[in-house]
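Chemist: Numbering (full-length UniProt numbering), first residue to last: 1 to 133.
Heads up, the beta-carbon is just placed ideally off N, CA and C, and yes, glycines get one too.
#1: Quick check on residue 109: does DSSP put it in helix, strand or coil?
#2: Under the three-state reduction of DSSP, which class applies to residue 16: helix, strand or coil?
#3: Since I believe residue 120 is in contact with residue 72 (beta carbons under 8 Å), could you give me their beta-carbon distance rounded to a whole number of angstroms?
#4: Decide if residue 49 is buried, meaning its Cβ has at least 16 other Cβ atoms within 10 Å, or exposed.
#5: Output the boundary residues of the beta strand (DSSP E) element that contains residue 66.
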C-alpha cells in the first residue's frame with residue numbers, strides 16, 4: 001500500500017462533469033465541454049491525470065494531478081502489478097496493467113499491487129501508447 005512521501009509535480013482545477021466523489025485517486029480526462037470525467041483507456045479515452053479530491057456534484061471543483069507521483073487505486077484482475085508496469089484504466093476507472101501493442105497508458109507503477117482496490121504510488125506520465133518497436 002502507498003505510504004511514501006510524494007506529491008504531484010502539478011495540480012490543476014477544472015469543473016467536474018458529474019458527482020465524482022467516489023472516484024478520488026482514479027484516472028480522469030477532460031470531456032468535449034472541458035469538464036473533468038472518469039477516463040476509460042480501454043475504450044480509447046485519453047487520460048489527463050488522477051483525480052485528487054472528491055467533487056460531489058456537477059460543476060464542483062475537481063483537482064487533477066498532472067505529471068508527478070500520486071496515489072492511484074488499481075484493479076488486479078488476475079494479473080499482479082509490479083513496479084514500472086504501465087497502467088491505463090478499465091471500465092471501473094481504476095488503474096489497470098496494460099501490455100499490448102498500442103495500449104494507452106497514463107501512469108507507471110512505483111509500487112507493487114496484488115489485490116483489487118490497492119492504492120499504490122504511481123508516476124503520472126500523461127497519455128502514451130505502448131509501442132512494440
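Modeler: In this structure, then:
#1: strand
#2: strand
#3: 6 Å
#4: buried
#5: 61 to 66
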